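Participant: In my numbering, the protein residues as written are 103 to 625.
Ideal placement from N, C-alpha and C gives every residue a C-beta, glycine not left out.
Quantities reported herein were computed from a predicted structural model and do not represent experimental measurements.
I'd like to ask some things about the structure below.
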């Protein structure tokens, strides 16, 4: 059996060698494959051996009973341990053999000297390398996602700063153009926006030579990550700028999840969201652009400066779907990444990245998810379990292979990989220029929001604001801060912080080297 898309070959062999149960991931159930107990076929003997045989049977039955109790305990642990929001359903195309952390003796709470964790980190750091990835060519991308290239033109309208084009509309102009839009169906909060768009739709159809055309747009810029690094606050401030519009929802997650049919990470696969549903999210902004484009005062070919942004914090790092759709049967690293397809259709796009100390990011990530019985001790245990899983992966794979290993990402109790920023930055820089990616630090943003926002405005080439408007944008309270109940838990344990700092240090050092900025050392 091919274990490439399970956790590891070595892990399976290790469990087999130690004669320990292996768990088969079938849907959302964990099924134990127990070692078969071979009964000795003892021939009928005289009544003198009856007592010995009965004792032997009792021992066997007791052993079986003990195994059943063990399985029930394990199942209880697995079913009650809440990791909502982190898991993906196993691939429908791969029969994945993996082991749950509970079966790997990863509970390290009884360790007092923490030698095991420190040794794990040393082993991981010793295997880190930063080799470049193979970048696919345009022909491969066209073969894999042909619909992107037929729906999106090579060139956009010249009088617009934002990438837009006219698409012929063949439907009935009196029908509901958003009736089958999956975002509208699953996002009840935005029904009012879609109701407005439905009413405005006929008036925004452009007529030419007896045909109807609608203005379609993609984002001028993307806020791509990372989660729990201040992207919501940046989004809330940017949308106050008069030249900036966003999608009708903050995080469409189309490039990373929705186009594959992933609605929520814990709910498995649904119907994929088509490209047209994603483009519909820009219609509200497109209407504003078209209104300006058709304004009599702009007939002198003055450029429309309105731009559209998209802010899915998964875009930078989440490629978990590759193994389900892009696996060619031989690769251990994804042959295609999200940015490859964005670059193919938008080579001039701009990207904004907000990062923070990865140690604090991980703790904030842990506190954010709706887990029960959160504590600093539980966080330490989850970190220890994740480090051991990561160490096992690196024993036979590259760092990039482990970061993009879907199964590993799904079973790690905390998302260690999201904080390995330099790997993602290098992969984005493999196809986009440094000038197209603005990388900020949350710590700098919190200390001086005015300076950060001015850097963003300059990067996006936005018009100057009045002092009052700039004050409105920069002085508003921070968005999406830590909830009071989570703040009451206090900081993580000092030993947890020490271990995580050691783990992330080589990645931070290389990031600071790549960006030529020692602030990204987070020392």
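Looking only at DSSP bridge pairs, what is residue 318 linked to?
Facilitator: Your numbering for residue 318 matches position 216 in the chain shown. Looking at the DSSP assignment, residue 318 forms a beta bridge with 267.
Participant: Would residue 52 be called buried (16 or more neighbouring beta carbons within 10 Å of its own) or exposed?
Facilitator: Since the displayed the chain opens at 103 and closes at 625, residue 52 lies outside it and no answer follows.
Participant: Would you identify the three-state DSSP class for residue 313, choosing helix, strand or coil?
Facilitator: Numbered from 1 along the chain shown, position 211 holds the residue referred to as residue 313. Three-state DSSP puts residue 313 in a strand.
Participant: Give the DSSP-derived three-state secondary structure of residue 281 in the structure shown.
Facilitator: Taking the chain shown and counting its residues from 1, one reaches residue 281 at position 179. Of the three classes helix, strand and coil, the one that applies to residue 281 here is coil, per DSSP.
Participant: Residue 486 to residue 518, Cα distance in whole Å?
Facilitator: Counting from 1 along the chain shown, the entry for residue 486 is found at position 384. Counting from 1 along the chain shown, the entry for residue 518 is found at position 416. Going by the C-alpha atoms only, they are around 11 Å apart.
Participant: Between residue 280 and residue 296, how many whole angstroms is the CB-CB distance? I'm expecting something under 8 Å.
Facilitator: Against the chain shown, residue 280 aligns to sequence position 178. Against the chain shown, residue 296 aligns to sequence position 194. Contact holds; Cβ gap of about 5 Å.
Participant: Answer with buried or exposed for residue 609, where buried requires no fewer than 16 other C-beta atoms within 10 angstroms of its C-beta.
Facilitator: Counting from one through the chain shown, the residue named residue 609 turns up at place 507. Under this definition residue 609 is a buried residue.
Participant: Can we say the region 330 to 341 touches the region 310 to 322, given the rule of at least three CB pairs closer than 8 Å?
Facilitator: Touching, no.
Participant: For the beta strand (DSSP E) that contains residue 542, what are its first and last residues?
Facilitator: By one-based count along the chain shown, residue 542 stands at place 440. Counting along the chain, the beta strand (DSSP E) containing residue 542 begins and ends at 539 to 543.
Participant: Taking C-beta to C-beta, are residue 630 and residue 496 nearer than 8 Å?
Facilitator: The chain is shown from 103 up to 625; residue 630 falls before or after that span and cannot be answered.
Participant: Are the C-beta atoms of residue 444 and some chain D residue less than 8 Å apart?
Facilitator: Looking for chain D here will not work: only one protein chain is present.
Participant: Please go through the same chain and pick out, in chain order, the residues whose beta-carbon is closer than 6 Å to the beta-carbon of residue 452, but skip the five residues on each side of it.
Facilitator: Taking the chain shown and counting its residues from 1, one reaches residue 452 at position 350. Cβ neighbours of residue 452 beyond the five flanking positions: 323 and 538.
Participant: Could you give the first and the last residue of the continuous alpha helix (DSSP H) run that contains residue 247?
Facilitator: The sequence position of residue 247 within the chain shown is 145, counting from 1. It is not in any alpha helix (DSSP H) - residue 247 carries neither H nor E in the DSSP assignment.
Participant: From which residue to which residue does the beta strand (DSSP E) around residue 222 run?
Facilitator: By 1-based counting over the chain shown, the position of residue 222 is 120. Run containing residue 222: none in the beta strand (DSSP E); it sits in the alpha helix (DSSP H), 217 to 228.
Participant: Can at least three beta-carbon pairs, one atom from the region 446 to 463 and one from the region 533 to 548, be found at a separation below 8 Å?
Facilitator: With a cut-off of 8 Å, the region 533 to 548 and the region 446 to 463 count as touching, because enough Cβ pairs lie within range.
Participant: Could you pull the DSSP bridge partners for residue 371 from this structure?
Facilitator: Counted from its first residue, the chain shown places residue 371 at position 269. Note: residue 371 sits in a beta bridge opposite 364.
Participant: Give me the Cβ distance between residue 362 and residue 311, rounded to the nearest whole Å; I'm assuming they're in contact under 8 Å.
Facilitator: Taking the first residue of the chain shown as 1, we reach residue 362 at position 260. Taking the first residue of the chain shown as 1, we reach residue 311 at position 209. With a Cβ gap of about 38 Å, residue 362 and residue 311 do not count as contacting.
Participant: Ignore the nearest five residues each way along the sequence and tell me which others in residue 547's own chain have a CB closer than 8 Å to its CB.
Facilitator: In the chain shown, counting from the first residue as 1, residue 547 sits at position 445. So the list reads 332, 335, 336, 456 and 554, once near-sequence residues are dropped.
Participant: So what does residue 456 bridge to, in DSSP terms?
Facilitator: The count along the chain shown starts at 1 and reaches residue 456 at position 354. Partner(s): 542.
Participant: Could you tell me the distance, in whole angstroms, from the CA atom of residue 304 to the CA atom of residue 386?
Facilitator: On the chain shown, position 202 is the one that residue 304 refers to. On the chain shown, position 284 is the one that residue 386 refers to. Computed Cα separation, rounded: 13 Å.
Participant: Taking buried to mean at least 16 other C-beta atoms within 10 Å of its own C-beta, is residue 390 buried or exposed?
Facilitator: To locate residue 390, count along the chain shown from 1; it is residue 288. It is exposed - the Cβ of residue 390 has fewer than 16 other Cβ atoms within 10 Å.
Participant: What number of angstroms, rounded off, separates the C-alpha of residue 177 from the C-alpha of residue 218?
Facilitator: Residue 177 sits at position 75 when you count from the first residue of the chain shown. Residue 218 sits at position 116 when you count from the first residue of the chain shown. With a pLDDT of only 44 at residue 177, under 50, the local geometry of the prediction cannot be trusted, and no value is derived from it.
Participant: Can you tell me whether residue 175 is buried or exposed, with buried defined as 16 or more other CB within 10 angstroms of its CB?
Facilitator: Here residue 175 corresponds to residue number 73 of the chain shown, with the count starting at 1. For residue 175, the predicted structure reports a pLDDT of 45, less than 50, and the residue's modelled location is therefore unreliable. A value from the coordinates is still provided. Label assigned to residue 175: exposed.
Participant: Over what stretch of residues does the alpha helix (DSSP H) that includes residue 487 continue unbroken?
Facilitator: On the chain shown, position 385 is the one that residue 487 refers to. 478 to 496 is the span of the alpha helix (DSSP H), which, as asked, contains residue 487.
Participant: What is the residue span of the beta strand (DSSP E) that residue 347 lies within?
Facilitator: Mapped onto the chain shown, residue 347 falls at position 245. Start and end: 346 to 348.
Participant: Considering Cα atoms alone, identify which of 478, 291, 246 and 397 is closest to residue 595.
Facilitator: Taking the first residue of the chain shown as position 1, residue 595 is located at position 493. Residue 478 is the option with its Cα nearest to residue 595.
Participant: Based on Cα-Cα distance, which residue from 616, 246 and 226 lies nearest to residue 442?
Facilitator: Looking up residue 442 in the chain shown gives position 340. Nearest C-alpha to residue 442: 246.
Participant: Using C-beta distances below 8 Å, list every residue in its chain close to residue 354, excluding the 5 sequence neighbours before and after it, in chain order.
Facilitator: Taking the first residue of the chain shown as 1, we reach residue 354 at position 252. So the list reads 285, 360, 380, 383, 412 and 414, once near-sequence residues are dropped.
Participant: Taking three-plus beta-carbon pairs below 8 Å as touching, is the region 561 to 571 in contact with the region 457 to 466?
Facilitator: With a cut-off of 8 Å, the region 457 to 466 and the region 561 to 571 do not count as touching, because too few Cβ pairs lie within range.
Participant: Using the C-alpha atoms, what's the distance from residue 377 back to residue 242?
Facilitator: Against the chain shown, residue 242 aligns to sequence position 140. Against the chain shown, residue 377 aligns to sequence position 275. Approximately 19 Å, taken between the alpha carbons.
Participant: CA-CA distance, residue 373 and residue 624?
Facilitator: Your numbering for residue 373 matches position 271 in the chain shown. Your numbering for residue 624 matches position 522 in the chain shown. If you take the alpha carbons of residue 373 and residue 624, they lie about 42 Å apart.
Participant: Cα separation between residue 278 and residue 301?
Facilitator: Reading the chain shown from its first residue, position 176 is the one you call residue 278. Reading the chain shown from its first residue, position 199 is the one you call residue 301. Their backbone Cα atoms lie some 9 Å apart in a straight line.
Participant: Where does the unbroken alpha helix (DSSP H) through residue 506 begin, and where does it stop?
Facilitator: Residue 506 sits at position 404 when you count from the first residue of the chain shown. Element bounds for residue 506: n/a, residue is neither H nor E.
Participant: By alpha-carbon positions, which one of 227, 512 and 266 ends up nearest to residue 369?
Facilitator: Residue 369 sits at position 267 when you count from the first residue of the chain shown. The option with the nearest alpha carbon to residue 369 is 512.
Participant: Let me know the secondary structure DSSP gives residue 593 once reduced to three states.
Facilitator: Your numbering for residue 593 matches position 491 in the chain shown. DSSP places residue 593 in coil when its eight states are reduced to three.
Participant: Roughly how many angstroms lie between the CA atoms of residue 261 and residue 252, to the nearest whole one?
Facilitator: Counting from one through the chain shown, the residue named residue 261 turns up at place 159. Counting from one through the chain shown, the residue named residue 252 turns up at place 150. Each residue's alpha carbon lies about 23 Å from the other.
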